Amino acid sequence: SRGEDHAIYWKAADNDDLIIELIEGTTNNISDGKWSAINGADGGGFYCPSLTIQGNGTLNVSCADNAIWVWDGTTIQNGATVNITCGGTGISNNESSGKIVIKPGTTLNISGDDHAIQTDNRRIGTFYVEGGNITLKGNTSAIYHINCDFGNIPVYVSENVSGEGATLWDGTTDITNYKYIRLSGTRTEVTPTYTVTFDANGGTVDTATLTTETDGKLASLPTPTKSGNYRFNGWFTAASGGTQVTVDKVY
C-alpha cells in the first residue's frame, strides 16, 4: 500500500487497536511519500490506539519522514520480520505509559535518518525487548528519549552507523551515544531466592536456615526438639500467634 500523507491512519474511540497479520511466507510493503507510513493518533480526546504486527511474514516499511508513529505503543510478535527505512524515526511511541515491545522469534531492522526508536519529547515510554534479532541504525542516534529494558540479552553498540567496531554495551553508558545497536537472543528471568531463618523458641534445630527453590518454596521444613514435655505443632511466622508455615508457602 502507498499513501499521500499516511499509508495507514486511524483514530480509535472504542479501544480499536490495529493488528497487522502477516500471512506466512508473504512479503508486504507499506510506503508513504510525505508523513508517516503508519499513524495512530489520539484524535483529540480519543483513546490512544496501539499497533501489533504479527505472523510469520515480512513487512517492509519505507517513508520520507517517520515510519511508524503510534500513541499507545507497538508490539512485534509471533515470528514477524519488520524492515524499516525512513527519513525520520523508525518507530515512535508517543504515550508515556505505552511500550514498544519486541517478542522472541521476531526480526526487526530499522535504518532511520534521525532515530531508529524514540518517544515524543514530552513523554518517556519504554522499549522492552523480550527477545528476537534486532538491528537499529540512526544517523542522529539509534535510540532516543526512551527507557530501555533489554533484560539480560547482550547488546552490542557502535558510534558508527555502519556498526563498525561494535562492542558489548556496559549497560550504564548513555544509550543515545550510539548510532548502531544490535542484540539477539531471548531474555531469561532470574528467579530470586530467599534465605529463611528458623527460631526454635527455646528448643534446638539442626538446620537453622534454608534457601528457597526455583519455585519460591522450601523443599522441606526442619523438625526442632526441646527437652521436657513439649510437642512440636509446626512453624509459625511469630512466636505468639502468626500464620502457620508449610512447604506450600511461596516466599
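In the working numbering, the protein residues as written are 1009 to 1259.
We put the CB at the ideal spot given by N, CA and C, even for glycine.
On a predicted model such as this, the values are computed, not experimentally measured, just so you know.
| Check | Outcome |
| --- | --- |
| Note down, one range per segment and in chain order, each beta strand (DSSP E) of at least 3 residues found wholly within the stretch 1049–1131. | 1059–1062, 1066–1071, 1076–1078, 1081–1085, 1089–1094, 1099–1101, 1107–1110, 1115–1120, 1123–1127 |
| Decide if ALA1247 is buried, meaning its Cβ has at least 16 other Cβ atoms within 10 Å, or exposed. | exposed |
| How many angstroms separate the CA atom of ASN1036 from the CA atom of LYS1225? | 49 Å |
| By Cβ distance, which residues of its chain are closer than 6 Å to ILE1091, with the 5 residues on each side in sequence left out? | Reading off the sequence, residue 1091 comes out as Asn, not Ile. So the qualifying residues of the chain are ASN1068, ASN1117. |
| Note down the Cα distance separating ASP1025 from ILE1084, rounded to an integer number of angstroms. | 14 Å |
| At which residues does the beta strand (DSSP E) containing ASP1157 begin and terminate? | 1155–1157 |
| For the beta strand (DSSP E) containing GLY1139, list its first residue and its last residue. | 1139–1146 |
| Give me the Cα-Cα distance between SER1166 and GLY1173, rounded to the nearest whole angstrom. | 6 Å |
| DSSP three-state call for THR1184: helix, strand or coil? | helix |
| Can the beta-carbon of TYR1017 be found closer than 7 Å to that of ASN1047? | yes |
| Counting along the chain, where does the beta strand (DSSP E) carrying TYR1238 start and finish? | Element bounds for TYR1238: n/a, residue is neither H nor E. |
| Rounded to a whole number of angstroms, what is the C-alpha to C-alpha distance between GLY1106 and LEU1191? | 22 Å |
| So the candidates are TYR1238, HIS1014, THR1231; which of them puts its Cα closest to the Cα of THR1254? | THR1231 |
| Can you tell me the Cβ-Cβ gap for ASP1157 and THR1134, rounded? I've got them flagged as a contact below 8 Å. | 6 Å |
| Start and end of the beta strand (DSSP E) containing THR1166? | Thr is not the amino acid found at residue 1166; the sequence shown has Ser there. Where SER1166 is concerned, the enclosing beta strand (DSSP E) stretches over 1163–1166. |
| Looking at GLY1081 and SER1058, is the spacing between their C-beta atoms short of 7 Å? | yes |
| When DSSP builds the beta bridges, which residues end up paired with GLU1029? | GLN1062 |
| Rounding to the nearest angstrom, what Cα-Cα distance links TYR1188 and PRO1162 in this structure? | 14 Å |
| Under the three-state reduction of DSSP, which class applies to ARG1190: helix, strand or coil? | strand |
| Tell me which residues share the same chain as TYR1136 and place their Cβ nearer than 6 Å to its Cβ, disregarding the 5 neighbours each side in the sequence. | LYS1107, VAL1109, ASP1157 |
| Does the beta-carbon of GLY1052 have 16 or more other beta-carbons within 10 angstroms, so that it is buried, or is it exposed? | Residue placement at GLY1052 is poorly supported in this model, since its pLDDT is 47, which falls under 50; the coordinates are not used for a value here. |
| At which residues does the beta strand (DSSP E) containing TYR1152 begin and terminate? | 1149–1152 |
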